[in-house]
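In terms of the numbering used here, the sequence shown opens at residue 154 and continues consecutively.
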Amino acid sequence: MGELSEAMHECASRVERMMSLLLPHPSGAEARLYEAMRYSALGGGKRLRPFIVSQSAGLFGVDPRCAIRVGAAVEFIHSYSLVHDDLPGMDNSDLRRGKPSCHTAFDEATAILVGDALQTLAFSVLAAEETHADAFVRCQLVAELARAAGHAGMCGGQMIDMRAETEELGIGAITRMQNMKTGRLFSFSAVSGAVLGRASRRHYQALQTYAQELGLAFQITDDLLDVTGDPELTGKPQGQDQQASKETFVSILGVDRARSQARILCEQAAKALELWGDSAHLLRELAYDVIDREA
Numbered sequence: 154m155g156e157l158s159e160a161m162h163e164c165a166s167r168v169e170r171m172m173s174l175l176l177p178h179p180s181g182a183e184a185r186l187y188e189a190m191r192y193s194a195l196g197g198g199k200r201l202r203p204f205i206v207s208q209s210a211g212l213f214g215v216d217p218r219c220a221i222r223v224g225a226a227v228e229f230i231h232s233y234s235l236v237h238d239d240l241p242g243m244d245n246s247d248l249r250r251g252k253p254s255c256h257t258a259f260d261e262a263t264a265i266l267v268g269d270a271l272q273t274l275a276f277s278v279l280a281a282e283e284t285h286a287d288a289f290v291r292c293q294l295v296a297e298l299a300r301a302a303g304h305a306g307m308c309g310g311q312m313i314d315m316r317a318e319t320e321e322l323g324i325g326a327i328t329r330m331q332n333m334k335t336g337r338l339f340s341f342s343a344v345s346g347a348v349l350g351r352a353s354r355r356h357y358q359a360l361q362t363y364a365q366e367l368g369l370a371f372q373i374t375d376d377l378l379d380v381t382g383d384p385e386l387t388g389k390p391q392g393q394d395q396q397a398s399k400e401t402f403v404s405i406l407g408v409d410r411a412r413s414q415a416r417i418l419c420e421q422a423a424k425a426l427e428l429w430g431d432s433a434h435l436l437r438e439l440a441y442d443v444i445d446r447e448a
């Protein structure tokens, strides 16, 4: 196991434990909701966003316990988005991370409530004093995540994504959609370290640039995997975008050009980290790992 893989595995284990502590345990009349929340949030994924939070925070000497709490909050938002994305009214997917999606394992109404509950839990975690002693920093984290997840971020991007099933949007609109739907949460993950560390605007903007390029490269790779990936490795059916007649980077650019564009974006992401030299080597390696992944 290489240094990056080992660091990611360690971070994933730590954030998983934190998420388990923060999630409610099934009890009472609402036990089914709690069970579905744990089912949807725990035991899956690389925890890529918390890793970015952790590495970003490390650049500024932030207490790792604070970073892990922020990472858990990001994962709650990410998990909520996946639960809602899989719903019949959205992507209508019965499989997520190699197991039945939430609405399939439970039911559609429960899945909607799971998404709502995970989202609000994320903000509760960020607002807690355990996340940072400075109330201003906590408020800034809440505001940053709200922008990343809301109408001008992830939700707005999902709206454009739904339009892509029935309209020809073009490469500009697809790029904007993915910056909103995927990139904004990556950006929050990267800049949260600067927020926790009360860093300068220059450092904040460098991390934001890194995350924007990384987010686009990640999404292009996702589009490629939908066409060329092995369902046993990706944990979801192949060809969903094509079946939905959805415009993607691959449908517009083709496989070879899309792969080349992802590589260019990774190089630009790595260049954005020059301020930190070798201190940011794992974030730099991550950019290339993202486009070489098989899941």
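Here a beta-carbon is modelled for each residue, glycine too, at the ideal position from N, C-alpha and C.
For residue i, does the three-state DSSP call read helix, strand or coil?
i	result
Arg218	helix
Arg249	strand
Gly155	coil
Ala402	A quick correction: the sequence has Phe, not Ala, at residue 402. Of the three classes helix, strand and coil, the one that applies to Phe402 here is helix, per DSSP.
Pro203	helix
Gly242	coil
Ala319	What sits at residue 319 in the sequence shown is Thr, not Ala. Of the three classes helix, strand and coil, the one that applies to Thr319 here is coil, per DSSP.
His285	coil
Phe213	coil
Arg437	helix
His237	helix
His231	helix
Gly197	coil
His304	coil
Arg191	helix
Arg291	helix
Arg446	coil
Can you tell which of the options has its C-alpha closest to the C-alpha of residue i?
i	options	result
Glu400	Arg412, Gln208, Gln331 and Val236	Gln331
Ile205	Ala220, Arg191 and Gly214	Ala220
Tyr233	Val223, Ala326, Arg191 and Asp247	Arg191
Gln208	Tyr187, Gly346 and Pro179	Gly346
Leu406	Val344, Ile324, Asp247 and Thr381	Ile324
Gln311	Arg329, Glu321 and Ala299	Arg329
Ala275	Arg249, Ala225, Pro241 and Arg167	Ala225
Gln421	Val408, Thr273, Asp287 and Glu438	Glu438
Leu436	Thr381, Pro241, Arg354 and Val344	Val344
Gly268	Leu279, Ser166 and His256	His256
Arg218	Thr284, Asp431 and Pro241	Thr284
Met333	Asp409, Tyr187 and Ala299	Ala299
Val227	Tyr187, Asp216, Ala165 and Asp442	Ala165
Ser277	Arg354, Ser158, Leu176 and Gln365	Leu176
Gly309	Ala326, Gly155 and Glu321	Ala326
Asp216	Ala286, Ala364 and Ala433	Ala286
For the alpha helix (DSSP H) containing residue i, name the first residue and the last one.
i	result
Ala459	It is not possible to answer for residue 459, since the shown part of the chain is limited to 154 through 448.
Ser180	Here Ser180 belongs to no alpha helix (DSSP H), and DSSP marks it neither H nor E.
Ser342	Arg337 to Leu349
Ala423	Val408 to Lys424
Ala449	Nothing about residue 449 can be read from this structure; the chain reaches only from 154 to 448.
Ala258	Cys255 to Ala258
Whose C-beta lies closer than 6 Å to the C-beta of residue i among residues of the same chain, with five residues either side of it excluded?
i	result
Phe259	Ala189
Ala210	Ala220, Gly346 and Leu349
Gly445	One point to set straight first is that residue 445 is Asp, not Gly, in the sequence displayed. There are no such residues.
Ala359	Ala425 and Leu428
Ala440	Leu367, Cys419, Ala422 and Ala423
I'd like the list of long-range same chain contacts for residue i, defined as Cβ closer than 7 Å, with 5 residues on each side in sequence excluded.
i	result
Trp429	Leu212
Asn214	According to the sequence as given, residue 214 is Gly; it is not Asn. Correct list, in chain order: Gly350.
Ala301	Met307, Arg337, Leu338, Ser340 and Phe341
Gly197	Arg250
Val403	Asp376, Leu377, Val380 and Ala411
Pro450	Absent from the structure is residue 450, since the part of the chain shown begins at 154 and ends at 448.
Gln361	Ser340, Ala343 and Val344
Arg357	Correcting the residue type first, residue 357 is Tyr in the shown sequence and not Arg. Excluding positions up to five away in sequence, the list reads Val344 and Ala347.
Can you find the residues in the same chain that come closer than 8 Å, C-beta to C-beta, to residue i, ignoring five residues on each side of it along the sequence?
i	result
Leu271	Met190, Ser193, Ala194, Phe229, Ile230, Ser232, Tyr233 and Val236
Arg185	Pro179, Phe259 and Thr263
Asp238	Asp244, Ser246 and Gln311
Val408	Leu377, Val380 and Thr381
### Query
Is the segment 248-268 touching the segment 285-295 in the sense that three or more CB pairs, one from each, lie closer than 8 Å?
no
### Message
Quick check: the segment 363-377 against the segment 411-420, are at least 3 beta-carbon pairs closer than 8 Å?
### Response
yes
### Stretch pair the segment 276-295 + the segment 315-325: three plus CB contacts closer than 8 Å
no
### Stretch-stretch touch, CB-based, cutoff 8 Å, three pairs: the segment 158-176 with the segment 298-308
no
### Query
Counting pairs of beta carbons, one from the segment 332-352 and one from the segment 192-204, are three or more of them closer than 8 Å?
yes
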